[in-house]
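Structure first, commentary second.
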Amino acid sequence: VLTCDWSSDVCSSDLMAIEVQTARASTPGTAEQLQSILAVCKKMSTKKEVPELLALLAREGARLLDAELVTIFLLDEERRELWSQVTLDGERIRFDARLGIAGAAAMTGEVINVPDAQNDERFFRAIDTQTNFKTRTVLAVPLRVPSGQVIGTFQCLNKRDGLFGEQDEQVGQVLADQAAIAIRNADWHASAQTERNRLRTLVETTPVGVLIASTGDVPVSLMSASATAIASLKSDPRHPARRPKIGRAHV
Numbered sequence: 411v412l413t414c415d416w417s418s419d420v421c422s423s424d425l426m427a428i429e430v431q432t433a434r435a436s437t438p439g440t441a442e443q444l445q446s447i448l449a450v451c452k453k454m455s456t457k458k459e460v461p462e463l464l465a466l467l468a469r470e471g472a473r474l475l476d477a478e479l480v481t482i483f484l485l486d487e488e489r490r491e492l493w494s495q496v497t498l499d500g501e502r503i504r505f506d507a508r509l510g511i512a513g514a515a516a517m518t519g520e521v522i523n524v525p526d527a528q529n530d531e532r533f534f535r536a537i538d539t540q541t542n543f544k545t546r547t548v549l550a551v552p553l554r555v556p557s558g559q560v561i562g563t564f565q566c567l568n569k570r571d572g573l574f575g576e577q578d579e580q581v582g583q584v585l586a587d588q589a590a591i592a593i594r595n596a597d598w599h600a601s602a603q604t605e606r607n608r609l610r611t612l613v614e615t616t617p618v619g620v621l622i623a624s625t626g627d628v629p630v631s632l633m634s635a636s637a638t639a640i641a642s643l644k645s646d647p648r649h650p651a652r653r654p655k656i657g658r659a660h661v
């Protein structure tokens with residue numbers, strides 16, 4: 411059984427859990443699969459841009475689960491929609507989050523394994539029509555961050571050989587949990603960078619200014635060019651402010 415403790419936002423602890431399971435694996439096939447999952451998780455932890463991360467997840471997820479197609483849907487809570495920033499075939503999709511098997515996984519927070527999608531009442535045929543794709547089997551796994559919040563769905567379509575099984579569900583769960591953490595971290599990184607750029611522009615347009623702000627948990631101190639020059643001047647030992655003060659002796 412593949413399980414991991416996702417109690418921390420720190421990816422290294424999650425990767426360590428997989429490494430321990432790899433060492434304890436009873437069969438060569440299981441150990442090899444765990445090593446493949448570990449390699450993908452390590453790659454995900456190095457990606458700082460969401461599109462690049464999702465492309466990696468779609469490609470490697472399809473390979474590990476032997477699926478024809480993997481789509482990562484992100485949940486737009488404000489509009490109550492699921493949307494795909496990237497799929498394995500490059501087609502972008504947006505639809506009501508209450509529709510489809512991917513929507514059911516996101517709304518219920520449960521893993522959904524459908525052996526015959528065409529005869530499942532939750533199946534949303536409009537997407538097949540839009541993408542000119544015929545869905546046969548579906549494995550939909552919620553993307554859940556450690557706090558418990560669902561931020562989307564990791565969906566695999568059409569197992570190449572037979573049906574998605576219990577082992578596929580476990581592999582999908584490990585990938586989805588690690589992906590959710592990596593996506594959230596990438597979002598934070600992008601937001602922090604945007605805020606830093608905004609503050610830098612604000613400071614540089616100020617005649618003399620020093621701004622100390624916070625982007626997330628990281629304090630940022632920015633100085634305009636003129637403030638930097640003044641600070642540099644005052645640090646010069648020849649500057650009057652740096653000279654020792656000599657007072658009259660009192661007898």
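Just remember that the numbering used here sits 410 ahead of the position in the sequence shown, which is counted from 1. Cβ coordinates follow ideal geometry from the N, Cα and C atoms, glycine included.
Would residue i and residue j qualify as a contact pair, given that the criterion is a beta-carbon distance under 7 Å?
{"i": "Ile503", "j": "Ala514", "result": "no"}
{"i": "Val548", "j": "Ala586", "result": "no"}
{"i": "Ala589", "j": "Leu485", "result": "no"}
{"i": "Thr563", "j": "Phe483", "result": "yes"}
{"i": "Val555", "j": "Arg610", "result": "no"}
{"i": "Ala477", "j": "Cys566", "result": "yes"}
{"i": "Ala516", "j": "Val560", "result": "yes"}
{"i": "Phe533", "j": "Ala527", "result": "yes"}
{"i": "Leu492", "j": "Ala512", "result": "yes"}
{"i": "Ala463", "j": "Ala592", "result": "Here the sequence assigns Leu to residue 463, which means Ala is not the residue at that position. Cβ distance < 7 Å, so Leu463 and Ala592 count as in contact."}
Quick one: is residue i buried, meaning 16 or more other Cβ sit within 10 Å of its Cβ, or exposed?
{"i": "Glu470", "result": "buried"}
{"i": "Ala536", "result": "exposed"}
{"i": "Gln431", "result": "Residue placement at Gln431 is flagged as unreliable, the pLDDT there being 49, under the threshold of 50; the coordinate-derived value follows with that caveat. The residue is buried, with at least 16 neighbouring Cβ atoms inside 10 Å."}
{"i": "Asp506", "result": "exposed"}
{"i": "Asp578", "result": "buried"}
{"i": "Gly519", "result": "exposed"}
{"i": "Thr481", "result": "buried"}
{"i": "Gly575", "result": "exposed"}
{"i": "Lys458", "result": "exposed"}
{"i": "Gly510", "result": "buried"}
{"i": "Ser494", "result": "buried"}
{"i": "Leu448", "result": "buried"}
{"i": "Leu573", "result": "exposed"}
Give the secondary structure of residue i by DSSP, where H, G and I count as helix, E and B as strand, and everything else as coil.
{"i": "Leu585", "result": "helix"}
{"i": "Ala514", "result": "helix"}
{"i": "Lys569", "result": "strand"}
{"i": "Pro556", "result": "coil"}
{"i": "Ala507", "result": "coil"}
{"i": "Asn542", "result": "coil"}
{"i": "Thr615", "result": "coil"}
{"i": "Glu576", "result": "helix"}
{"i": "Thr547", "result": "coil"}
Determine whether the Cβ of residue i lies closer than 7 Å to any Cβ atom of chain D.
{"i": "Leu485", "result": "Within the model displayed, chain D is absent; a lone protein chain is all it includes."}
Got a sec: does the ligand PLP put a non-hydrogen atom nearer than 6 Å to the Cβ of residue i?
{"i": "Asp506", "result": "Ligands are entirely absent from the displayed structure, and the ligand PLP is therefore not among its contents."}
Does the structure place the region 574-583 close enough to the region 539-546 that three or more beta carbon pairs sit under 8 Å?
no
If you scan the region 445-500 from start to end, which runs of the beta strand (DSSP E) of 3 or more residues do you find wholly inside it?
477-486 and 491-497
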